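Notes to accompany the following structure.
2 protein chains.
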Amino acid sequence: MSSGLGPPTAAVRPREDRATADRVALSAATARGARSRTEEVRAWLAERRRAHVFEVTRIPFAELRQWRFEEGTGNLVHRSGRFFTVEGMHVVESDGPYGDGPYQEWQQPVVRQPEVGILGILAKEFDGVLHFLMQAKMEPGNPNLLQLSPTVQATRSNYTRAHRGTDVKLIDHFFRPDPDRVLVDVLQSEQGSWFYRKSNRNMIVETVDDVPELDDFRWLTLGQIAELLHEDDLVNMNARTVLSCVQYPDTSPGALLSDAQLLSWFTGERSRHDIRVERVPLASVRGWKQGVEAIEHEDGRYFKVVAVSVRAGNREVVDWDQPLLEPVGLGVSAFLVREIEGVPHVLVHARAEGGFLDTVELAPTVQCTPGNHAHLTPEHRPPFLDTVLDARPERIRYEAVHSEEGGRFLNARSRYLLVDADDVPLAPPPGYTWATPGQLRALTRHGHYLNVEARTLLACMNATAARPRGGQ
Amino acid sequence: MSSGLGPPTAAVRPREDRATADRVALSAATARGARSRTEEVRAWLAERRRAHVFEVTRIPFAELRQWRFEEGTGNLVHRSGRFFTVEGMHVVESDGPYGDGPYQEWQQPVVRQPEVGILGILAKEFDGVLHFLMQAKMEPGNPNLLQLSPTVQATRSNYTRAHRGTDVKLIDHFFRPDPDRVLVDVLQSEQGSWFYRKSNRNMIVETVDDVPELDDFRWLTLGQIAELLHEDDLVNMNARTVLSCVQYPDTSPGALLSDAQLLSWFTGERSRHDIRVERVPLASVRGWKQGVEAIEHEDGRYFKVVAVSVRAGNREVVDWDQPLLEPVGLGVSAFLVREIEGVPHVLVHARAEGGFLDTVELAPTVQCTPGNHAHLTPEHRPPFLDTVLDARPERIRYEAVHSEEGGRFLNARSRYLLVDADDVPLAPPPGYTWATPGQLRALTRHGHYLNVEARTLLACMNATAARPRGGQ
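Sequence order for the protein chains is D and R. Read in order, the letters of the first sequence are residues 12 to 483 in the numbering used here. Read in order, the letters of the second sequence are residues 12 to 483 in the numbering used here.
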């Protein structure tokens with residue numbers, strides 16, 4: 012068919028690749044995978060949990076062998092200088108010029124890890140349908156230790172080390188991927204309340220190579236993963252954020268705001284927040300106290316910094332110790348959902364977090380740990396929190412408890428909800444606006460628009476669309 | 012026609028607004044404005060230059076009355092604590108893991124102004140064609156003092172002050188704009204080699220109100236502004252960056268890389284650069300020396316920090332003094348241009364600058380001050396610099412000298428060029444890739460993709476498309 016005249020190395024192609032969106036939709040619609048049955052995933056995870064030694068023990072800071080409080084600053088650092096540090100952060104927020112954001116100032120401990128890691132999922136077609144290689148991975152902070160993870164999770168230190176672990180073959184797929192095989196590739200932020208300006212490279216790369224079938228890995232369709240996203244503590248945070256960046260086709264006829272209007276609203280939110288953040292020594296952080304086993308807030312709110320000792324492996328067992336951040340209670344992250352002329356919209360919040368690279372990112376309507384606000388009168392509690400907590404069961408479109416990153420956070424769990432709220436006004440309060448899931452998906456092509464909690468909810472929305480509630 | 016059943020406050024609209032792109036194209040194609048003739052703009056600018064008192068005098072630092080070197084740090088600060096500061100910056104760049112970026116470490120003075128200003132152009136239809144309200148504005152650092160500027164240039168301090176100047180009415184258009192009237196609204200970076208993480212809100216807002224015709228303002232079409240962009244030192248940097256964000260329709264059939272591939276390449280470039288930047292006291296900056304009238308590099312390279320005294324006004328004359336950064340030579344910013352299957356592409360460079368918010372932004376193929384590299388052997392000079400400097404006249408698609416921001420920089424001028432280079436390979440060296448002007452325009456809907464020099468060239472490309480060379 013080809014005339015053979017065009018140079019083989021140069022070809023102008025359409026700027027948008029429609030075929031990939033169709034392949035994504037097909038995988039999402041495929042509930043029976045070619046390689047594994049969904050019902051067997053739980054049993055496989057339990058089996059892998061038994062196959063590994065994995066013991067996590069809380070220890071006092073004094074028993075940390077590989078970590079120490081740095082002289083002078085009191086920062087918690089690894090003896091090698093690698094991995095991450097626990098430092099202090101001083102945040103001053105004075106929101107103007109509209110005057111609707113109060114002045115706030117606080118200090119807190121924060122995890123600093125100024126290197127970009129890779130969260131990569133390998134994809135491959137079986138029977139003409141895209142499958143994704145998910146790993147059964149242990150992490151010390153997970154309440155159930157082992158969860159479904161991306162194919163690889165690698166810090167820069169990991170993947171540049173001469174001595175490489177079991178990821179050696181799989182990480183190579185993400186190192187210099189063939190541009191024609193990249194489905195997702197974007198830097199996304201992590202928790203801005205716990206991390207100082209952390210971002211990771213979220214990737215999905217397709218392969219046509221044979222991939223060895225290892226015990227800790229399973230190929231699953233997006234439809235299968237959607238089912239699993241309805242279970243508690245099963246799909247880990249790193250998998251959820253990568254999945255949130257998948258470009259499902261947008262079938263809705265439009266949105267309340269055009270894309271240009273949504274971006275303009277966001278620009279206004281970024282501009283009206285004035286947030287100055289300084290790193291400070293951990294030892295000097297005001298409002299927090301250091302004990303034998305924990306650094307905690309004076310009123311017992313937010314989180315603690317604790318230490319654990321870990322013993323892990325299957326054939327070869329390794330020991331290490333490390334600090335973890337342990338939130339004080341179960342969090343709530345929820346989008347209110349409203350159909351506008353038949354098109355579902357969610358109420359997004361332009362939320363400031365001290366650790367964000369740039370002022371605000373789009374967050375769930377409600378994102379908090381209710382216990383931190385229990386002492387406040389209703390009018391001082393976070394907007395819409397009571398709407399979410401008091402929602403009748405028939406208004407709850409989606410609900411599951413998910414864990415945050417188990418390599419840095421201990422028992423950090425949140426209820427993720429999608430709650431019908433057709434009675435919430437079309438003109439929401441300042442700092443909130445309505446956007447469609449399709450608009451949010453388009454924003455995940457770029458970094459620093461959606462925060463990690465909003466991305467988890469977006470992954471859940473994709474899953475809810477793929478498998479409507481009660482439709483198992 | 013309407014059934015009258017829909018709620019009047021809610022309407023789902025298409026996510027993309029095609030009508031605006033058509034109106035932009037019409038304005039670009041309109042060489043004769045409804046309000047002013049293009050040929051008269053130069054005379055009007057000269058007349059405004061005469062109408063104002065504007066005297067700029069270099070002074071030694073000791074004669075600064077409103078600024079002082081802060082005790083302890085030596086930072087240059089305003090006595091009120093407002094406006095901006097001149098501080099130090101320590102940059103460490105260690106690019107891996109691909110190993111093609113060398114380790115670099117340096118210190119330098121830098122301007123810090125951690126507030127978001129507004130650069131706003133007001134738009135209005137006359138005879139069915141969009142016109143843009145441009146101001147004849149004096150700035151102390153401009154070589155010719157007065158240039159064509161946005162309708163308003165306001166720092167946050169300016170527009171939140173109780174006491175407001177002549178901009179009072181015009182700035183209100185940009186304060187809480189009607190979402191249906193916003194044509195451009197995005198936060199964009201400024202010079203990362205001279206500013207520490209500076210960004211401004213670039214806006215174009217349409218009005219249907221009557222706007223008083225003031226002596227310092229003229230309504231011009233995009234076609235008229237395109238002609239003026241071919242003149243030296245006429246359209247100021249702030250006008251150029253706002254104009255670069257105008258969403259002209261993309262008429263080309265595609266690109267060498269799809270948008271997803273271009274974004275993936277960019278993510279890879281951001282990931283492979285590891286840049287740590289610390290603010291340091293100006294007094295401690297290594298490699299720079301402080302004299303009576305200038306802080307300068309020990310080898311006389313890059314720029315100087317100097318001080319000026321300004322006397323300005325027309326009816327009411329005000330005096331002030333301030334520091335300015337003065338580059339040591341004429342800069343060069345150039346895109347190499349190559350047609351691929353008939354579609355023009357430019358060679359963009361993922362360039363690290365110490366003052367960027369996030370590692371790299373897309374920059375011109377060549378962006379440097381040649382004098383800073385004159386002492387180096389050819390193989391150590393910036394890639395493609397000689398291609399640009401040696402280009403025969405017939406290969407030069409566009410050339411003009413433009414000034415950088417005259418409120419902070421003194422005589423900061425660069426030759427901006429578009430140079431035909433059909434012999435440059437389709438597979439360029441690491442850190443470079445081919446992209447179409449349409450792709451770059453789409454990226455200016457978001458911040459921190461294109462640096463300010465690339466945005467000036469994008470505005471020039473839009474102008475070249477609107478008025479082909481020699482077509483006056």
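Where a beta carbon is used, it is the ideal one built from N, C-alpha and C, also for glycine. Quantities reported herein were computed from a predicted structural model and do not represent experimental measurements.
- In terms of Cβ geometry, D:G139 and D:L37 form a close pair [threshold 9 Å].
- Per the coordinates, the alpha-carbon of D:V412 lies some 20 Å from the alpha-carbon of D:L233.
- DSSP assignment within the region 57-137 of chain R yields the following whole beta strand (DSSP E) runs of 3 residues or more, N-terminal first: 64-70, 78-80, 87-89, 96-104, 115-123, 128-137.
- Pairing R:Q199 with R:G458 gives a Cβ-Cβ distance under 9 Å.
- Residues of the same chain with a CB within less than 6 Å of the CB of D:V88, apart from the 5 flanking positions on each side, are E81, T96 in chain order.
- Spanning the alpha carbons of R:V463 and R:T252 requires a straight line of approximately 7 Å.
- Under the DSSP assignment, D:T444 falls in the beta strand (DSSP E) whose first and last residues are 443-446.
- Contact annotation: R:G442 and D:R187 have beta-carbon atoms that are not nearer than 9 Å.
- In this structure, the alpha-carbon of D:M149 lies about 8 Å from that of D:F65.
- In the structure shown, D:V321 falls within a strand segment according to DSSP collapsed to helix, strand and coil.
- If you draw a straight line from the Cα of D:F94 to the Cα of D:G85, it is about 17 Å long.
- In chain order, Q164, A165, T166, R167, N169, N211, R212 place their CB closer than 8 Å to the CB of R:G128, counting only its own chain and leaving out the 5 sequence neighbours on each side.
- In the DSSP assignment, D:N249 falls within the unbroken alpha helix (DSSP H) covering 248-255.
- If you check the CB distance, D:H356 and D:T447 come in under 9 Å.
- Per DSSP, R:K180 has no beta bridge partner at all.
- Bounds of any alpha helix (DSSP H) do not take in D:S47, whose DSSP letter is neither H nor E.
- Under DSSP, the beta-bridge partners assigned to D:L429 are D:F346, D:Y409.
- Judged by their CB atoms, R:L468 and R:L429 are nearer to each other than the 9 Å cut-off.
- Approximately 19 Å separates the beta-carbon atoms of R:R456 and R:V371; this is outside 8 Å, ruling out the contact.
- Looking at the DSSP output, D:K300 bridges to D:E307.
- Under a criterion of Cβ atoms nearer than 8 Å, the residues of chain R adjacent to D:H457 are, in order, L274, H457.
- When C-beta atoms of the region 387-402 of chain D are compared with those of the region 219-239 of chain D, fewer than three pairs fall below 8 Å, so the two segments do not count as touching.
- With a threshold of 9 Å between beta carbons, D:V121 makes no contact with chain R.
- With respect to the 9 Å criterion, D:E104 and D:A363 are classified as neighbours on the basis of their beta carbons.
- DSSP, reduced to helix, strand and coil, places R:A36 within a helical segment of the structure shown.
- With the criterion set as a beta carbon lying under 9 Å from some beta carbon of chain R, the members of the region 179-202 of chain D are F186, R187, P188, P190, D191, V193, L194, V195, D196, V197, L198, in sequence order.
- Counting along the chain, R:F228 sits inside the beta strand (DSSP E) bounded by residues 228-231.
- In this structure R:P120 does not touch R:S414 by the C-beta definition: roughly 20 Å separates them, more than the 8 Å allowed.
- By the neighbour-count criterion, in which 16 or more other beta carbons inside 10 Å mark a residue as buried, R:T380 falls on the buried side.
- Counting every other CB atom within 10 Å of its CB across the protein chains shown gives R:F420 a total of 16 or more, marking it as buried.
- Residue pairing from DSSP places R:C379 in a beta bridge opposite R:V343.
- Below the 7 Å Cβ cutoff, chain R contributes no neighbours of D:L469, its closest Cβ being approximately 16 Å away.
- The region 392-409 of chain D makes no contact with the region 312-321 of chain D, as fewer than three CB pairs between them are under 8 Å.
- Per DSSP, the beta bridge partners of D:H356 are D:R349.
- Between R:R69 and R:V319, the alpha-carbon positions lie close to 4 Å from each other.
- The Cβ-Cβ distance between D:V35 and D:P260 falls below 9 Å.
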